[in-house]
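**Student:**
In the numbering used here, the protein residues as written are 2 to 910.
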């Protein structure tokens with residue numbers, strides 16, 4: 002096969018792997034340094050081939066997604082090398098016969114089997130090589146095609162074997178990727194001219210049942226037995242489905258031979274679209290995204306969302322009983338502002354602000370004996386990343402000095418925030434946020450200097466090992482690519498095109514972790530058979546209860562994982578496809594700005610039409626519509642059994658929806674609806690943009706405030722999503738059609754939010770600019786397929802509320818921070834716009850030193866008041882009259898009963 006002046010020979014070479022007994026295929030930890038990943042292994046009776054050495058796994062590696070049958074099963078003589086998985090017989094055709102469009106290969110007769118193979122040159126979209134295998138003895142068999150071109154490691158520009166071997170990270174031995182873990186069923190090598198691969202036919206990776214190890218019909222490999230890079234397919238897998246064969250029974254298989262004059266990510270796109278039918282395939286399934294967002298926010302305020310007020314966090318019981326975990330205070334803060342939601346601020350945003358400034362790690366547990374996922378019980382914050390300190394400072398008008406103080410300290414140190422991953426403070430990402438925090442141009446120069454070095458070492462040079470300049474190890478998918486979300490932030494700050502191109506490169510490599518297979522059939526699929534929802538094995542093992550949903554038939558596209566990713570390298574075997582697709586808005590914007598429709602289609606596929614509320618975490622054992630339902634999350638913890646619930650993900654998912662809605666309006670309006678944003682860093686893959694604190698543009702109108710209160714609109718057709726904004730007496734609305742057909746529908750505005758008068762008038766801003774009739778807050782609208790319509794409604798009275806108060810920030814230089822030696826105590830006076838003022842005092846020393854704590858205080862010279870804390874954590878929160886000072890001191894009783902009193906302190910003066 003020839004392409005770009007290069008010729009590639011696909012030889013008629015095969016290997017047959019035989020076992021008399023079941024080699025007991027089993028996934029085991031790879032033991033690779035700096036990366037957690039499970040690989041297929043096989044029992045072997047030959048100790049010389051038992052090259053797999055099972056590692057001891059730390060007690061901290063546990064919880065949802067970690068399977069003890071994989072991690073901690075009995076040690077055996079095993080191999081992870083596919084060429085050691087049985088007795089091997091290498092075969093090369095001794096004769097070829099041309100017959101029209103086919104080439105038949107003749108192999109020597111063998112005592113144990115017969116092999117026939119042929120190439121069909123006109124196969125579409127790729128030539129096909131097919132084989133017929135007939136064993137002569139009962140046993141377990143696997144046939145590997147090993148005739149593709151092979152390359153020395155140093156002779157390739159890039160390689161890929163799902164899931165973890167990307168860029169130039171090559172496998173250390175011939176590991177197999179089982180078909181259920183192949184985002185597309187091939188491995189690829191790019192030699193600087195073309196990408197070469199061998200693609201298993203799509204029919205061997207069917208939509209039903211959900212792909213699992215037990216039903217995987219083949220495996221793919223990249224490293225051969227000569228330690229060269231060579232795309233290979235093995236079917237069936239030794240010990241896997243169909244591998245046990247009776248003498249005389251036949252086994253057939255078909256593969257495509259790939260030579261594409263494209264990069265690996267472009268070849269991935271080409272295969273996804275031409276073979277597996279990937280396209281803009283999703284639309285709102287049962288409700289609009291706005292309805293999903295409203296339902297999700299409602300759910301977040303119920304007891305089912307399991308927020309523990311006393312610990313200021315969401316229960317993390319799925320993984321770590323007794324612990325709480327938060328992602329960021331910026332998610333609820335954004336939601337409280339954008340949605341004009343005082344309750345969200347009081348009950349979620351403000352408590353999380355205290356948590357993020359006081360706790361040592363995102364995962365907080367009082368129980369000092371809890372080791373799972375390495376929690377901390379210490380109040381040695383801030384756990385908030387430097388970027389979060391910058392946003393909090395900006396939102397409140399830079400009136401709280403402690404944000405900058407903490408940020409400067411964090412920039413000069415390193416901290417472990419999540420799991421055991423250490424993050425260094427001084428890097429190009431944090432330098433960018435230090436510039437935004439301080440306006441000191443030296444930080445921007447440093448950010449660009451370090452970023453350019455990062456481009457040289459990490460982007461322009463393909464990485465060849467696990468680990469990264471910004472991450473000490475690989476686990477979540479963002480650690481496997483360049484830091485493309487932060488690169489987009491730097492591009493938006495500097496307008497330097499090279500950062501945008503680097504972000505696009507990272508985003509395209511991220512799509513390698515998104516499922517593009519199985520292909521979606523046109524059929525309707527029956528789910529919840531017998532009225533029972535599927536039960537996730539992990540939760541069943543924890544004693545969770547069966548869930549019941551009606552049996553129904555639905556279009557297959559609604560059930561597809563196409564566009565979603567597994568959770569991480571270490572949990573990909575169980576967490577097949579997670580709904581936390583926070584990458585969606587980023588891909589949408591990068592795709593738009595770089596004219597890359599594939600990125601935009603992946604973005605939409607990952608988020609649109611997947612649920613009516615919070616859908617839990619993942620698709621795992623069987624296809625179901627349970628997670629689509631509005632009442633799906635409204636159950637007690639033990640009554641959830643379809644998938645796991647990580648309650649700290651609820652508000653980041655809400656931010657994800659806000660981000661996507663605003664980004665979709667930006668893209669569909671060609672940038673004419675544009676609301677400035679900040680960065681929510683969170684941890685792992687939980688990056689979002691932060692909206693609401695800065696005014697934006699809405700076509701010809703400037704200084705427009707994003708304002709999206711709950712259930713502002715009722716729209717008769719679910720195909721339309723919308724965003725809303727306000728300026729003075731004008732309400733702005735943009736409607737984004739998620740379907741492939743024009744929508745004509747009625748819209749009604751909530752009269753409790755917006756009052757109309759005789760002077761109220763509605764005008765289309767885009768596309769026509771003409772007026773529309775408006776009656777009793779309702780109007781009709783036509784939105785083109787996949788398009789947008791924007792309107793302005795002038796002469797209305799919009800009910801003002803919490804949003805106006807929290808954003809009403811005036812210069813305030815009163816004292817707001819102090820350190821008290823007794824108890825190693827910090828005191829912070831939060832100045833929260835025109836809305837409120839709160840004092841937060843916390844001891845960094847714990848109950849190994851102190852038995853109880855008392856705070857005695859006076860606000861603005863009024864009567865003395867007392868708060869007691871008789872158990873750890875020793876922390877105090879109290880409202881303080883706006884603009885008023887507060888004087889206080891502490892009385893601490895140590896574990897021996899001795900009373901110690903601090904000096905009196907005043908803040909707010």
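We put the beta carbon where it would ideally sit given N, CA and C, even for glycine.
Here the structure is a predicted model, which means the values were calculated and not measured.
Three-state secondary structure (DSSP) at residue 316?
**Tutor:** Walking along the chain shown from the start, residue 316 turns up at place 315. Here residue 316 sits in strand by DSSP.
**Student:** Figure out for me which residue from 80, 115, 121 has the closest Cα to the Cα of residue 100.
**Tutor:** Here residue 100 is taken as the residue at index 99 of the chain shown, counted from 1. Closest by alpha carbon: 121.
**Student:** Hey, how far is the Cα of residue 679 from the Cα of residue 574?
**Tutor:** Counting from 1 along the chain shown, the entry for residue 679 is found at position 678. Counting from 1 along the chain shown, the entry for residue 574 is found at position 573. Whole-angstrom Cα-Cα distance: 34 Å.
**Student:** Tell me the residue span of the alpha helix (DSSP H) that contains residue 507.
**Tutor:** Position 506 of the chain shown holds residue 507. Start and end: 498-511.
**Student:** If you scan the region 370-446 from start to end, which runs of the beta strand (DSSP E) of 3 or more residues do you find wholly inside it?
**Tutor:** 415-419, 422-425
**Student:** Is the distance from the Cβ of residue 228 to the Cβ of residue 206 below 8 Å?
**Tutor:** Looking up residue 228 in the chain shown gives position 227. Looking up residue 206 in the chain shown gives position 205. No, the pair does not count as a contact, with Cβ atoms beyond the cut-off.
**Student:** What does DSSP give as the partner residues of residue 697 in its beta bridges?
**Tutor:** On the chain shown, position 696 is the one that residue 697 refers to. 705.
**Student:** Leaving out five residues before and five after residue 11 in sequence, what residues of the same chain have Cβ atoms less than 6 Å from its Cβ?
**Tutor:** What you label residue 11 is simply residue 10 of the chain shown in a count that begins at 1. Result list for residue 11: 148, 149, 258, in chain order.
**Student:** Since residue 676 contacts residue 692 with CB under 8 Å, what's their CB separation in whole angstroms?
**Tutor:** To locate residue 676, count along the chain shown from 1; it is residue 675. To locate residue 692, count along the chain shown from 1; it is residue 691. So it is a contact: roughly 5 Å between Cβ atoms.
**Student:** Is it the case that the Cβ atoms of residue 195 and residue 136 are separated by a distance below 8 Å?
**Tutor:** As a first step, residue 195 must be located in the chain shown, where it is residue number 194. As a first step, residue 136 must be located in the chain shown, where it is residue number 135. It is not a contact, given that the beta carbons lie outside the stated cut-off.
**Student:** Would you tell me roughly how many angstroms separate the C-alpha atoms of residue 184 and residue 275, rounded to the nearest one?
**Tutor:** Within the chain shown, residue 184 is the residue found at index 183, counting from 1. Within the chain shown, residue 275 is the residue found at index 274, counting from 1. Their backbone Cα atoms lie some 15 Å apart in a straight line.
**Student:** Starting from the N-terminal side, write out each stretch of the alpha helix (DSSP H) that is 4 residues or longer and does not extend beyond the region 505-560.
**Tutor:** 538-542
**Student:** When the distance is taken between beta carbons, is residue 508 closer than 8 Å to residue 591?
**Tutor:** Counted from its first residue, the chain shown places residue 591 at position 590. Counted from its first residue, the chain shown places residue 508 at position 507. Going by C-beta atoms, residue 591 is nearer than 8 Å to residue 508.
**Student:** How would you write the range of the alpha helix (DSSP H) that residue 352 sits in, first residue to last?
**Tutor:** Along the chain shown, one-based indexing puts residue 352 at 351. Counting along the chain, the alpha helix (DSSP H) containing residue 352 begins and ends at 351-359.
**Student:** In this structure, what does DSSP give as the bridge partners for residue 869?
**Tutor:** Taking the chain shown and counting its residues from 1, the one referred to as residue 869 is at position 868. DSSP output for residue 869 lists 855 as bridge partner(s).
**Student:** Give the DSSP bridge partners of residue 663, in chain order.
**Tutor:** Against the chain shown, residue 663 aligns to sequence position 662. For residue 663, which the question treats as bridged, DSSP gives no partner whatsoever.
**Student:** What residue range is occupied by the uninterrupted beta strand (DSSP E) comprising residue 45?
**Tutor:** Position 44 of the chain shown holds residue 45. Membership of residue 45 in any beta strand (DSSP E) is not indicated, and neither H nor E is assigned to it by DSSP.
**Student:** Would you check if there are 3 or more beta carbon pairs closer than 8 Å linking the region 334-352 to the region 283-302?
**Tutor:** yes
**Student:** Quick check on DSSP: helix, strand or coil for residue 131?
**Tutor:** For the purposes of this step, residue 131 is taken as the residue at position 130 of the chain shown. DSSP, read as helix, strand or coil, puts residue 131 in strand.
**Student:** Any idea if residue 650 is buried or exposed, counting beta-carbon neighbours within 10 angstroms, 16 or more meaning buried?
**Tutor:** Working through the chain shown from its first residue, we reach residue 650 at position 649. By the beta-carbon neighbour count (other beta carbons within 10 angstroms, threshold 16), residue 650 is buried.
**Student:** Just the Cα atoms here: how many angstroms apart are residue 717 and residue 744?
**Tutor:** Along the chain shown, read from residue 1 onward, the residue named residue 717 stands at position 716. Along the chain shown, read from residue 1 onward, the residue named residue 744 stands at position 743. The alpha-carbon atoms of residue 717 and residue 744 are separated by roughly 10 Å.
**Student:** For residue 549, count neighbouring C-beta atoms within 10 Å of its own C-beta (all shown protein chains included) and say buried if the count is 16 or more, exposed if not.
**Tutor:** Locating residue 549 in the chain shown gives position 548, where the first residue counts as 1. That one is exposed.
**Student:** Rounding to the nearest angstrom, what Cα-Cα distance links residue 43 and residue 424 in this structure?
**Tutor:** Reading the chain shown from its first residue, position 42 is the one you call residue 43. Reading the chain shown from its first residue, position 423 is the one you call residue 424. Take the alpha-carbon of residue 43 and the one of residue 424: they are about 37 Å apart.
**Student:** Rounded to whole angstroms, what's the CA-CA distance from residue 748 to residue 182? Just pull it up for me.
**Tutor:** Position 747 of the chain shown holds residue 748. Position 181 of the chain shown holds residue 182. Going by the C-alpha atoms only, they are around 44 Å apart.
**Student:** Any idea if residue 896 is buried or exposed, counting beta-carbon neighbours within 10 angstroms, 16 or more meaning buried?
**Tutor:** As a first step, residue 896 is located in the chain shown; it is residue number 895 there, counting from the start. Its Cβ having fewer than 16 others within 10 Å, residue 896 is exposed.
**Student:** So what's residue 328 in DSSP terms, helix, strand or just coil?
**Tutor:** Position 327 of the chain shown, counting from 1, holds the residue named residue 328. Here residue 328 carries a coil assignment [DSSP, helix/strand/coil].
**Student:** How far does the beta strand (DSSP E) with residue 292 in it extend, from its first residue to its last?
**Tutor:** Here residue 292 is taken as the residue at index 291 of the chain shown, counted from 1. Here residue 292 belongs to no beta strand (DSSP E); instead the alpha helix (DSSP H) covers 290-301.
**Student:** Measure the CB-CB distance between residue 475 and residue 460 and report whether it falls below 8 Å.
**Tutor:** Counting from 1 along the chain shown, the entry for residue 475 is found at position 474. Counting from 1 along the chain shown, the entry for residue 460 is found at position 459. No, the Cβ-Cβ distance between residue 475 and residue 460 is not below 8 Å.
**Student:** Given 8 Å as the limit, is there contact between the region 560-569 and the region 511-531, that is, 3 or more CB pairs closer than that?
**Tutor:** Flag = yes, the region 560-569 and the region 511-531 touch.
**Student:** Helix, strand or coil for residue 620 per DSSP?
**Tutor:** Indexing the chain shown from 1 puts residue 620 at position 619. Strand, per DSSP.
**Student:** Distance, Cα to Cα, residue 905 vs residue 840?
**Tutor:** Within the chain shown, the letter at position 904 stands for residue 905. Within the chain shown, the letter at position 839 stands for residue 840. Going by the C-alpha atoms only, they are around 15 Å apart.
**Student:** Measuring alpha carbon to alpha carbon, tell me which of 865, 870, 598, 95 ends up nearest residue 852.
**Tutor:** Here residue 852 is taken as the residue at index 851 of the chain shown, counted from 1. Comparing Cα positions, the closest option is 870.
**Student:** Indicate whether residue 51 and residue 176 have their beta-carbon atoms separated by less than 8 Å.
**Tutor:** Counted from its first residue, the chain shown places residue 51 at position 50. Counted from its first residue, the chain shown places residue 176 at position 175. Contact flag unset, no.
**Student:** Rounded to whole angstroms, how far is the Cβ of residue 400 from the Cβ of residue 832, which I believe are closer than 8 Å?
**Tutor:** In the chain shown, residue 400 corresponds to position 399, counting from 1. In the chain shown, residue 832 corresponds to position 831, counting from 1. At roughly 5 Å, the Cβ-Cβ gap stays under 8 Å, so residue 400 and residue 832 are in contact.
**Student:** So, for residue 404: in the same chain, excluding its five sequence neighbours on each side, which residues have a beta-carbon less than 6 Å away from its beta-carbon?
**Tutor:** Here residue 404 corresponds to residue number 403 of the chain shown, with the count starting at 1. Correct list, in chain order: 390, 393, 394.
**Student:** Straight-line CA distance for residue 171 to residue 178?
**Tutor:** By 1-based counting over the chain shown, the position of residue 171 is 170. By 1-based counting over the chain shown, the position of residue 178 is 177. Taking the straight line from one Cα to the other gives about 13 Å.
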